Structure formats: C-alpha cells, structure tokens
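Step one of this worksheet: look at the structure below.
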Amino acid sequence: MNTAASTLNLPRSTLLAGRRAIVTGGSNPRGIGYAIAHALQQAGATVISLDVAPASATAPWTSLPCDVAKEDDCRQAVQSATATLGGLDLLINNAGIVGAAPLDQISDREFRQMLEINLLGAVHMTQAALAALKQSAQESPQTSPGIVNIASMAAYRGGGLLGSAHYATSKGGLISFTRACARSWDRSRHTRQRGRPGIIETDVTIGKFGDDWEQQPKSTIPSGRFGAPAEVAQVVVFLAQRDGQLCERCRDRCQRRHLHALE
14 MNTAASTLNL PRSTLLAGRR AIVTGGSNPR GIGYAIAHAL QQAGATVISL
64 DVAPASATAP WTSLPCDVAK EDDCRQAVQS ATATLGGLDL LINNAGIVGA
114 APLDQISDRE FRQMLEINLL GAVHMTQAAL AALKQSAQES PQTSPGIVNI
164 ASMAAYRGGG LLGSAHYATS KGGLISFTRA CARSWDRSRH TRQRGRPGII
214 ETDVTIGKFG DDWEQQPKST IPSGRFGAPA EVAQVVVFLA QRDGQLCERC
264 RDRCQRRHLH ALE
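Numbering-wise (the numbering used here), the sequence shown opens with residue 14 and increments by one.
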C-alpha cells in the first residue's frame, strides 16, 4: 500500500473552514490518523498531529511529540497545540496499538500497555482538551466542538483476525467512555462521536498478516475487501461538520466504508 492509497486527492473545500483540530496518532503516511489529518485539512480545518513517533516529512501540517499513555505529555501537548491554533474545535482520538495472542499468553505488561494507550490515551486527551473545547463553544455559538473516538468492531466480536482479548477490551472501554462522556455532557453543546471500523489496510494490519495479507478471509465484509484509511477519514470529516450532530443519537451501518456504526 502506498500513501496515495491511504488518502484521497479530493478538491479542497470549506466544509470545516475555521475549525481547529488535534489528531492523535497521525505520523504514519499510510495510517488512519494521517488520512484523517489530511482529510480534515482538505476540508478547510487547521490541523495539528500528535504522535510518539517522529513526524513524517510529507505532512503539510504541524506535528508535535506526545505519548498519549502519559497524562503530563497530553496536557503539555494540548496546551502547546491550542496556543498554536488559537483555540480548539475538534479532537480526534485515533492513537492506538494492536496485539494478537491467546489470552493465556498475554502478559500483564502487554495488557496494561494496551489499555494505557488505546483507552487511557483517549481519556487523558479528552480531559486535557475539555476546557479548550468548552471555550470554543462559548466563543462560537454557530458551531459545536466535537470529539471523535476511533474504536473498533473487535470490541463487539471479542477480538478478531487482528485483535485479541486485550485489544478488544481496550476498544470496548473506549466505546463505554464515549457513552459516559455523552451522558455527562448531555446538556452541553459538545458533539461526542465514535467510529467503529472493521479491518483497515494499514502498515500495522499488513504487518500482522505478513505474506498472507491478500489471502485473509473477507466473506464477512459486504464489499468483499478490507477498508482504506481514507474511507474512515471521510466519515470523520462528516462527523466533524455541524450537521454531523444528526448522527449523535442514531446508529448508521456504513458497511460499504467498513465503518460499521457511528454514534
């Protein structure tokens, strides 16, 4: 897979003009986070990417170092990003890792690491960004600040071709966290969304399958193929729009795009 396959060369638009966004886990040009950052920027948003890995030289947006598993890192990165952006309207919690192993072979360290990055990372980022998002709501009544959490269908399947018990648990916790945020902020003007992709063709997934990548079963996928990062990114752009709030209380099965359900 090349970079072109992970992003769509769509014409620039003004759908998200003036919106300021943070995307976690956006350093890999062939990953979901990079595709999301690219799509948001193409839609007119100003983007800053946070990642523990070095930023790609091809990224046309500002990138800052951040380990989402560390609360202090998240707080400092959000402060720096919001200062650069002049505020914050969108937070995309995408950073995560994948692991596949039988339950009796998953060490305590591996289980904790999965939870610290996939679940607590989103918690840390949300807590660090909340004040800036509330400020945005007060300053711009015509728009609503948004948070999109990238979960996984593995949370419902108890794992899958890639994720095992610790991965499924971390993503299930992320979905519950999103619901809890929605309940606690029910009377505010924040938009809380979550995306639950199936298997997406990234370096991580291809690396796990190795040479057998193309031979993996696709019979349970309606389109008969794995998804592309750019397809997930386009759904995130939709959710980031004000009109995306219409999806907040409904479930939409976007199986053609491999994003199974949106809240």
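The C-beta atom is built at its ideal place from N, Cα and C for all residues, glycine as well. For clarity, every value in this text was computed on a predicted model and none was experimentally measured.
Which residues does DSSP list as the beta-bridge partners of residue i?
i	result
residue 33	59
residue 78	64
What span of residues does the alpha helix (DSSP H) with residue i cover, start to end?
i	result
residue 93	84-98
residue 11	One cannot answer for residue 11 here, as it falls past the ends of the chain, which runs 14 to 276.
residue 134	133-152
residue 167	167-170
With residue i and residue j assumed to form a contact (beta carbons below 8 angstroms), what rounded beta-carbon distance in angstroms separates them?
i	j	result
residue 194	residue 141	Not quite, the Cβ-Cβ distance comes to about 14 angstroms (not below 8 angstroms), so this is no contact.
residue 149	residue 77	With a Cβ gap of about 19 angstroms, residue 149 and residue 77 do not count as contacting.
residue 69	residue 106	At roughly 20 angstroms, the Cβ-Cβ gap does not stay under 8 angstroms, so residue 69 and residue 106 are not in contact.
Would you report the Cα separation of residue i and residue j, rounded to the nearest angstrom?
i	j	result
residue 118	residue 129	19 angstroms
residue 167	residue 181	5 angstroms
residue 136	residue 36	14 angstroms
residue 134	residue 82	5 angstroms
residue 158	residue 91	15 angstroms
residue 26	residue 79	29 angstroms
residue 185	residue 143	22 angstroms
residue 32	residue 111	30 angstroms
residue 156	residue 191	20 angstroms
residue 197	residue 250	24 angstroms
Anyone know if the C-beta pair for residue i and residue j falls short of 8 angstroms?
i	j	result
residue 30	residue 103	no
residue 64	residue 99	no
residue 48	residue 245	yes
residue 243	residue 52	yes
residue 183	residue 127	yes
residue 116	residue 178	yes
residue 163	residue 45	yes
residue 187	residue 132	yes
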